[in-house]
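Q: Residue numbers (our numbering), protein chains in the order written: chain A, 48 to 279; chain B, 56 to 158. Ideal Cβ placement from N, Cα and C applies to all residues, glycine included.
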């Protein structure tokens with residue numbers, strides 16, 4: 048196995064660990080909502096976007112029609128537009144059909160891991176990482192539906208920390224090197240907290256406003272330097 | 056729920072995939088203006104900040120201390136030795152222990 052594949056698998060393990068309990072929860076909840084195994088599987092296999100799937104189940108239960116659910120899904124998942132925009136500047140030249148596949152796997156965690164990987168992103172690294180995320184999400188969903196809560200509750204609860212720990216672990220080396228990254232991160236977290244407290248934006252838009260506002264502010268105040276410090 | 060959810064699911068898939076795909080088609084292999092590039096470079100820190108805060112404070116809603124301890128482990132180990140796997144697994148283990156003994 049090449050060094051690159053090994054790195055990708057290593058990077059994929061924490062995502063796998065983080066996705067499984069969330070996916071199991073989705074499977075259990077789907078069953079509770081009375082949807083079929085096929086539908087439950089399809090949710091995870093073709094939508095592949097955690098938060099929006101939970102929201103969709105919720106809205107189905109309240110009797111919301113498909114139009115409202117689809118619109119909400121668009122709003123909730125639109126943040127990936129910004130993440131893909133960033134990633135598109137980092138990927139190596141590759142065949143177009145690979146891009147279509149790669150775009151499907153842009154989730155918050157995959158994006159985060161890729162963000163701070165040094166150098167150009169090869170399709171091999173990206174695909175291995177996305178596959179570990181996708182396999183965890185889909186297999187966890189089915190396992191949750193079929194087996195129910197087979198993991199001890201205390202373990203699933205604890206595993207809920209994994210994705211936050213993953214994000215923090217990715218961020219730490221960057222923060223060590225650049226105080227600007229620290230400032231941007233904290234500013235964004237504070238703004239997000241504030242927006243959630245205010246509770247005026249539709250679901251999913253708090254984070255979009257945070258990314259737009261903080262990245263825009265960052266691009267004015269810290270032009271040029273960030274590139275050298277963080278990405279080289 | 057009587058009618059099939061498959062059309063709904065496909066609709067959700069389409070509106071999720073569209074925004075994920077569009078930037079790749081528009082921007083890959085293109086020269087990007089400096090201004091825009093500086094903006095894009097700031098996206099990771101901005102996104103990750105908002106993904107962590109404030110969600111992390113309710114990661115273990117019954118006992119926020121448990122998640123906080125787990126994250127403290129990640130912070131300390133991550134700053135000290137770095138890496139991803141140990142900081143992540145360790146945080147889960149610490150959280151689990153606290154939930155088990157103090158919960």
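Output the residue ranges of the alpha helix (DSSP H) runs that lie fully inside the stretch 124–196 of chain A and measure 4 residues or longer, sorted by chain position.
A: 126–135, 143–151, 155–162 and 170–194
Q: Is residue 83(A) helix, strand or coil when you go by DSSP?
A: coil
Q: Would you call the CB atoms of residue 124(A) and residue 71(B) closer than 7 Å?
A: A distance below 7 Å separates the beta carbons of residue 124(A) and residue 71(B).
Q: Among 68(B), 104(B) and 115(B), which residue has its Cα nearest to the Cα of residue 283(A)?
A: No answer is possible for residue 283(A): it lies beyond the span of chain A, which begins at 48 and ends at 279.
Q: Which chain A residues are close to residue 126(B), counting only those with a beta carbon under 8 Å from its beta carbon?
A: The answer, in chain order, is 208, 211, 212 and 215.
Q: Taking 7 Å as the CB-CB cut-off, is residue 68(B) touching chain A?
A: yes
Q: Using only the alpha-carbon positions, how far apart do residue 132(B) and residue 95(A) sit?
A: 31 Å
Q: Could you have a look at residue 102(B) and say whether DSSP puts it in helix, strand or coil?
A: helix
Q: Just how far apart, CA to CA, sit residue 268(A) and residue 228(A)?
A: If I take the Cα positions, the gap works out to 12 Å.
Q: Taking C-alpha atoms, which residue in 100(A), 107(A) and 105(A) lies nearest to residue 121(A)?
A: 100(A)
Q: If you run the structure through DSSP and keep just helix, strand and coil, what is residue 54(A)?
A: Three-state result, residue 54(A): helix.
Q: Taking the beta carbon of residue 279(A) as the centre, do at least 16 other beta carbons fall within 10 Å, making it buried, or is it exposed?
A: Only weak support is given to the placement of residue 279(A): the predicted model assigns it a pLDDT of 37, under 50, and the value that follows is read from those uncertain coordinates. Looking at its Cβ environment, which holds fewer than 16 other Cβ atoms inside 10 Å, residue 279(A) is exposed.
Q: What is the DSSP secondary structure of residue 268(A), reduced to helix, strand or coil?
A: helix
Q: In or out: residue 75(B) buried (at least 16 other Cβ within 10 Å) or exposed?
A: buried
Q: Just the C-alpha distance for residue 103(A) and residue 161(A), rounded to the nearest angstrom, thanks.
A: Near 28 Å, if we compare the C-alpha coordinates of residue 161(A) and residue 103(A).
Q: Residues in the stretch 246–261 of chain A with C-beta within 7 Å of chain B's C-beta atoms, listed in sequence order?
A: 254, 257, 258 and 261
Q: Is the shortest distance between the beta-carbon of residue 75(A) and the beta-carbons of chain B less than 7 Å?
A: no
Q: What do you get for residue 205(A), buried or exposed, if any count of 16 or more other CB atoms within 10 angstroms of its CB means buried?
A: By the neighbour-count rule (16 or more Cβ atoms within 10 Å), residue 205(A) is buried.
Q: Within a Cβ cutoff of 8 Å, which residues of the same chain sit near residue 143(B), ignoring the five residues on either side of it in sequence?
A: 129
Q: My assumption, with CB atoms under 8 Å, is that residue 139(A) sits in contact with residue 169(A). Please give the rounded CB distance.
A: About 5 Å separates the two Cβ atoms, so the contact holds.
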